[in-house]
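Encoded as structure tokens, the structure appears first; notes follow it.
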Amino acid sequence: MCSIFGVLDIKTDAGELRKKALELSRLMRHRGPDWSGIYACDKAILAHERLSIVDVNAGAQPLYNEKKTHALAVNGEIYNHQALRAEYADRYQFQTGSDCEVILALYQEKGPDFLDELEGMFAFALYDSEKDAYLIGRDHIGIIPLYMGHDEFGNFYVASEMKALTPVCRTIQEFPAGSYLWSKDGEIRQYYQRDWFDYDAVKDNVTDKNELRQALEESVKSHLMSDVPYGVLLSGGLDSSVISAITKKFAARRVEDQERSEAWWPQLHSFAVGLEGSPDLKAAQEVANHLGTVHHEIHFTVQEGLDAIRDVIYHIETYDVTTIRASTPMYLMSRKIKAMGIKMVLSGEGSDEVFGGYLYFHKAPNAKELHEETVRKLQALHMYDCARANKAMSAWGVEARVPFLDKKFLDVAMRINPQDKMCGNAKWKNTCCVNVSNPICRQAWRGARKSSSLMVSAIAGLIR
1 MCSIFGVLDI KTDAGELRKK ALELSRLMRH RGPDWSGIYA CDKAILAHER LSIVDVNAGA
61 QPLYNEKKTH ALAVNGEIYN HQALRAEYAD RYQFQTGSDC EVILALYQEK GPDFLDELEG
121 MFAFALYDSE KDAYLIGRDH IGIIPLYMGH DEFGNFYVAS EMKALTPVCR TIQEFPAGSY
181 LWSKDGEIRQ YYQRDWFDYD AVKDNVTDKN ELRQALEESV KSHLMSDVPY GVLLSGGLDS
241 SVISAITKKF AARRVEDQER SEAWWPQLHS FAVGLEGSPD LKAAQEVANH LGTVHHEIHF
301 TVQEGLDAIR DVIYHIETYD VTTIRASTPM YLMSRKIKAM GIKMVLSGEG SDEVFGGYLY
361 FHKAPNAKEL HEETVRKLQA LHMYDCARAN KAMSAWGVEA RVPFLDKKFL DVAMRINPQD
421 KMCGNAKWKN TCCVNVSNPI CRQAWRGARK SSSLMVSAIA GLIR
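For the sequence shown, full-length UniProt numbering assigns the number 1 to the initial residue and increments by one for each residue that follows.
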């Protein structure tokens with residue numbers, strides 16, 4: 001995980017602002033401790049703190065086009081960058097192997113209207129010195145945080161965390177998920193629009209569980225691009241068990257070269273956190289034993305959790321009690337994960353929102369209201385689970401990736417007939433009972449009791 005910091009629409013002395021930008025960007029260096037970079041001119045400043053995961057040697061930021069007229073600072077990962085590189089190779093001269101450089105290629109070809117072609121998680125700021133224009137963009141769900149504000153002189157700021165803006169900005173807002181700002185228009189535009197936002201578009205669909213399985217496998221596989229060691233977060237529940245099982249399936253080969261070569265770190269490590277003796281830790285260990293991961297239990301005491309709360313609030317940047325409570329174990333675990341040399345982990349955020357897995361979904365009066373609530377939960381996720389996973393892990397320089405929120409997977413999972421997500425559907429429940437006859441599925445079922453029967457029946461078979 002990296003951080004970006006930008007000053008745009010500069011109205012005061014750019015030299016002094018450059019010094020201030022370095023100082024404020026440093027407040028987010030926990031997100032990217034590997035390298036720092038800055039672009040500065042009279043009209044714009046872009047600073048970057050890097051956590052190097054892809055193209056470790058040559059991917060330092062800001063990134064530039066060949067003529068150095070376009071400067072780009074990105075926090076995120078572009079999972080379809082290889083396909084985009086191949087598509088634009090004859091029209092754009094790539095300068096690095098960074099997955100994020102495809103943003104410059106797309107901008108050169110299409111201007112600001114290209115963000116829906118990106119598959120991944122990202123927040124970026126791009127400055128075009130030829131046009132004296134800038135483009136700010138954020139991923140479809142808001143997996144990556146981004147904030148904006150103005151100082152008393154009218155200078156416009158963007159940053160990955162609010163703590164970098166509070167010293168200078170009079171007003172601070174979250175940059176909307178699934179949106180971009182093109183300075184020539186001056187308006188924030190939502191690019192992420194889907195038919196499944198509307199119940200009427202999905203109510204008559206035929207559900208295909210095999211398509212769902214395949215989409216999730218492809219999502220997890222795409223999320224494994226990495227030139228550094230990675231792991232999985234394994235709680236013992238269904239969502240993390242499924243992600244861990246699929247990751248284990250592909251961990252032995254490098255996805256970067258279509259599995260032609262062996263993985264540099266083929267042994268998959270899994271991590272669980274909790275109070276010593278907790279049932280979650282026991283369940284996670286049983287799942288890990290079945291999958292054959294190198295499993296690490298991270299214990300903390302109640303007092304250690306209480307002692308960490310002030311730091312957790314500083315990093316998570318919220319006083320929401322539920323978010324703080326869920327962030328504290330993750331924050332403590334992240335520190336141990338980083339100490340073991342792991343820079344990236346896969347996590348199961350998003351599954352309950354997609355499949356209606358929370359207990360209160362059992363009370364959904366009908367499929368229409370269930371579907372509308374899943375859409376609402378997804379659209380608000382950037383304020384809660386996404387912020388928790390991103391900021392709790394990045395507090396110690398670890399990147400969290402969330403395959404359940406992959407754009408392609410969402411298009412499959414959210415087009416499922418909502419009736420099939422309703423709890424109590426006998427057809428799906430019978431299928432589920434067959435799946436949980438497998439020992440590993442029984443362990444996953446422990447964490448899936450709150451989930452819709454469709455979610456269990458559709459993906460529990462993946463962890464056999």
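Every residue gets a Cβ at the ideal spot worked out from N, C-alpha and C, and that includes glycine. The structure presented is a predicted model; accordingly, all values stated were derived computationally and were not measured.
Closest residue to residue i among the options (Cα-Cα distance)
i: P145; options: H296, N75, Q95; result: N75
i: G237; options: S351, P329, G341, I342; result: S351
i: S52; options: N80, T12, I10, D99; result: D99
i: N210; options: T323, F409, I4, G37; result: F409
i: E297; options: H269, K68, L291; result: H269
i: K249; options: P266, L126, E256, G397; result: P266
i: S226; options: T207, E217, D257, S244; result: D257
i: V412; options: A389, D9, Y191, E218; result: E218
i: R388; options: K338, S334, I103; result: S334
i: P418; options: L370, Q379, Y384; result: L370
i: F114; options: D204, F175, W182; result: W182
i: V354; options: L378, K336, K368, A367; result: L378
i: P279; options: V294, H299, R260, W264; result: H299
i: V228; options: N205, K203, W264; result: W264
i: residue 472; options: F197, F175, D198; result: Examination of residue 472 is not possible in this model, given that the chain is present from 1 through 464 alone.
i: F153; options: I243, A89, K11; result: K11
i: Q214; options: I243, V232, R189; result: I243
Same chain, Cβ closer than 6 Å to residue i, neighbours up to 5 away in sequence not counted
i: Y230; result: M344
i: K184; result: A133
i: E119; result: Y79, N80, K407
i: D195; result: A201
i: D13; result: none
i: A177; result: R138, I141, G142, H382
i: T207; result: I416, N417, D420
i: V168; result: D151
i: M393; result: S334, A400
i: E317; result: M162
i: Y384; result: T323
i: V56; result: D227
Residues near residue i by beta carbon distance below 8 Å, same chain, minus five either side
i: T171; result: G149, H150
i: E262; result: A252, R253, R254
i: Q443; result: Residue confidence is low: Q443 scores 47 on pLDDT, short of 50, so the model does not pin down where it sits. No coordinate-derived value is stated.
i: E16; result: none
i: E373; result: G356, F361, A364
Cross-strand partners of residue i (DSSP beta bridge)
i: F271; result: L233, H296
i: G137; result: F124, Y180
i: N75; result: A123
i: I188; result: L181
i: M344; result: Y230, E399
i: W35; result: R50
i: A326; result: A326 pairs with nothing; no bridge assigned.
i: F197; result: Answer is none; F197 lacks a bridge partner.
i: R26; result: Per DSSP, none; premise fails for R26.
i: L63; result: L72
i: Q173; result: M148
i: Y157; result: V7, G149
i: I45; result: V7, A40
i: R260; result: Answer by DSSP bridge pairing: none, since R260 is not bridged.
i: R253; result: E262
beta-carbon residue i near the ligand MG non-hydrogen atom, thresh 7 Å
i: L165; result: The ligand MG is absent from the structure shown, which contains no ligand whatsoever.
Expected contact under 8 Å - CB spacing of residue i and residue j to nearest Å
i: V287; j: I246; result: Between I246 and V287 the Cβ distance is about 13 Å, and since that is not below 8 Å, they are no contact.
i: residue 467; j: S179; result: Residue coverage of the chain in this structure runs from 1 to 464, which leaves residue 467 outside it and unanswerable.
i: I342; j: V398; result: 7 Å
i: H223; j: L405; result: The pair is not a contact, with the Cβ atoms about 10 Å apart (cut-off 8 Å).
i: P403; j: L216; result: 7 Å
i: A58; j: G97; result: 6 Å
i: L281; j: G274; result: 5 Å
i: F271; j: L306; result: Not really, about 22 Å apart at Cβ, beyond 8 Å.
i: L84; j: L106; result: 7 Å
i: E77; j: M121; result: 6 Å
i: H315; j: K391; result: 5 Å
i: N205; j: D9; result: With 8 Å as the limit, N205 and D9 do not qualify as a contact, their Cβ atoms being about 45 Å apart.
Residues near residue i by beta carbon distance below 7 Å, same chain, minus five either side
i: H362; result: C423
i: A125; result: I4, G6, L46, A73, Y134, I136, V158
i: P62; result: G37, Y39, L46, H48, A71, L72, A73
i: L60; result: Leu is not the amino acid found at residue 60; the sequence shown has Ala there. Correct list, in chain order: W35, G37, R50.
i: V434; result: Here V434 scores only 34 on pLDDT, less than 50, and its place in the model is too uncertain to base an answer on.
i: E66; result: Q93, Q95
i: E130; result: T69
i: E101; result: L63, F94, Q95
8 Å Cβ cutoff, residue i in contact with chain B
i: S394; result: In the structure shown, chain B cannot be found, because there is only a single protein chain.
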